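Some notes on the structure that comes next.
In my numbering, the protein residues as written are 2 to 488.
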């Protein structure tokens, strides 16, 4: 039966990939990197910088802490610059080094190839154990059940660690030590996350890379002929010929053993050229080097190289995309760092009353409630003093002044400004609010108080009405209607 995709047969049925591990130089290097990344993934939620978690993406509170800096939902420019930096970093890295992220750093590859697949081989006896129960007709053996049980325990651990990035280690500890009945919504989030992790590594597996992930489709525009890729040397290997005996004079070095296909975690044949499903994991390079060494041929039939080199052309390190991408990355990253360093120690927002814009009092005065929302970005607790300027004759009531705000927190205090009715010309009165912490932050904010329409405003309305009536009378004398005048 043929195949449409590496993971699909012609009839649409699933082709399960059971890759054979190939020990070699690249595999040992990847294993060191993978275990280091696993340890880093588990450790990050427990690490702190500047008294704050190293990484905490607190979505409910809309506080995002990265490497000791807290970003708020209002930091639109910073978020745009950060996302632009990440995107340009991906473009630059891919243009120079190809898809090494997929094979060396992607969590899907790291956990699948260096944790879940080794457990599967240990439990089911290598490549001979079939994952397709319906095709084989086999029942779930005790070893397979043990594998799924281990998968589920690992999924629970990974899900809890993943949630620690969003809720923090302290909150997660509370969840774990209490009954799920006390926090059903939190338990539901954890359970759903664990199930998704389990299904990913137990069922979807390499299909997450070949079908769900868009990165493979991007490579058609991110790579060029000079980009570093894992490739088969067609000129040296062809024409391929099975075996090592009775080889013809013009036979290539490839003995068509299929070792590169058997070891590929996505099931492709690297000899077919650059493919979307290739994650550049170098498993095929290690497998081919082992075969070449055993048959007395030079290593490197499958290796890191570029399509230019394979075609016998001179490679170009400096080219438009390796110049433009890094320059754009440097500009965006520089703007991000500059904005980060010049970020104010506090965010202040002035809001109106939720109920009415103003209140007319019995003594002829007008009261405005101003809600002042302060986000403390400093690394320590602060007390913010509030003052009102350009409000002659006003009475200002502030229940708590200075107003305390804890580090990294956001709090709101109400201020009441009372002015005589005559102060509101044309229905408003401008004031200036000064907010300062007495240490690093001091800033002023103009604010428009609302009130009843003043005498000037009423006179202006009467004048406009009189002018409109006079204009209508003039048009009537000329025999024109207002609509005709407009035309």
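The beta-carbon is built from N, C-alpha and C at its ideal position, and this holds for glycine as well.
On a predicted model such as this, the values are computed, not experimentally measured, just so you know.
If you draw a straight line from the Cα of residue 106 to the Cα of residue 350, it comes to about 41 Å. Excluding its 5 nearest sequence neighbours in each direction, residue 241 has C-beta neighbours in its own chain below 8 Å: 252, 253, 255, 256, 257 and 272, listed in chain order.
In the structure shown, the three-state DSSP call for residue 386 is strand. Selection 159, 277 and 305 evaluated against residue 215 yields 277 as nearest (Cα-Cα). In terms of CA proximity to residue 345, 436 leads the group 395, 396, 436 and 353. Looking at the DSSP output, residue 9 sits in a beta bridge with 6 and 15. A residue is called buried once 16 or more other Cβ atoms fall within 10 Å of its Cβ, and residue 369 is buried on that count. Straight across, the Cα-Cα distance linking residue 384 with residue 71 is about 19 Å. The beta carbons of residue 322 and residue 225 sit closer together than 8 Å. Between residue 330 and residue 90, the gap from beta carbon to beta carbon is short of 8 Å. Residue 222 has its alpha-carbon roughly 34 Å from the corresponding atom of residue 43. Rounded to the nearest angstrom, the Cβ distance from residue 284 to residue 20 is 7 Å, consistent with a contact under 8 Å. For residue 442, the secondary structure class from DSSP, reduced to helix, strand or coil, is coil. Annotated three-state conformation of residue 312 is coil, per DSSP.
Assigned with DSSP and collapsed to three states, residue 276 falls in coil, not helix or strand. Taking the Cβ atoms as the reference, residue 280 lies roughly 6 Å from residue 100, within the contact range of under 8 Å.
For residue 76, no beta strand (DSSP E) run applies, since DSSP gives it neither H nor E. DSSP places residue 374 within a strand segment (E or B) once states are collapsed to three. In terms of CA proximity to residue 341, 67 leads the group 211, 67, 389 and 28. When Cβ pairs closer than 8 Å are counted between the two stretches, the segment 167–174 is seen to touch the segment 34–54, the count reaching three or more. For residue 351, the uninterrupted beta strand (DSSP E) segment begins and ends at 347–353. Contact annotation: residue 416 and residue 371 have beta-carbon atoms nearer than 8 Å. The Cβ neighbour count for residue 88, taken over all protein chains shown within 10 Å, is under 16; the residue is labelled exposed. Rounded to whole angstroms, the gap between the alpha carbons of residue 83 and residue 205 is 31 Å. Taking C-alpha positions only, residue 450 is separated from residue 218 by approximately 55 Å. Here residue 260 is not near residue 212, since their CB atoms are 8 Å or more apart. In the DSSP assignment, residue 59 falls within the unbroken beta strand (DSSP E) covering 56–59. Residue range 216–223 is occupied by the alpha helix (DSSP H) that includes residue 218.
In this structure, the straight-line span from the alpha carbon of residue 193 to that of residue 156 is close to 11 Å. Between residue 425 and residue 453 a beta carbon distance of about 6 Å is seen, short of the 8 Å cut, so the two are scored as contacting.
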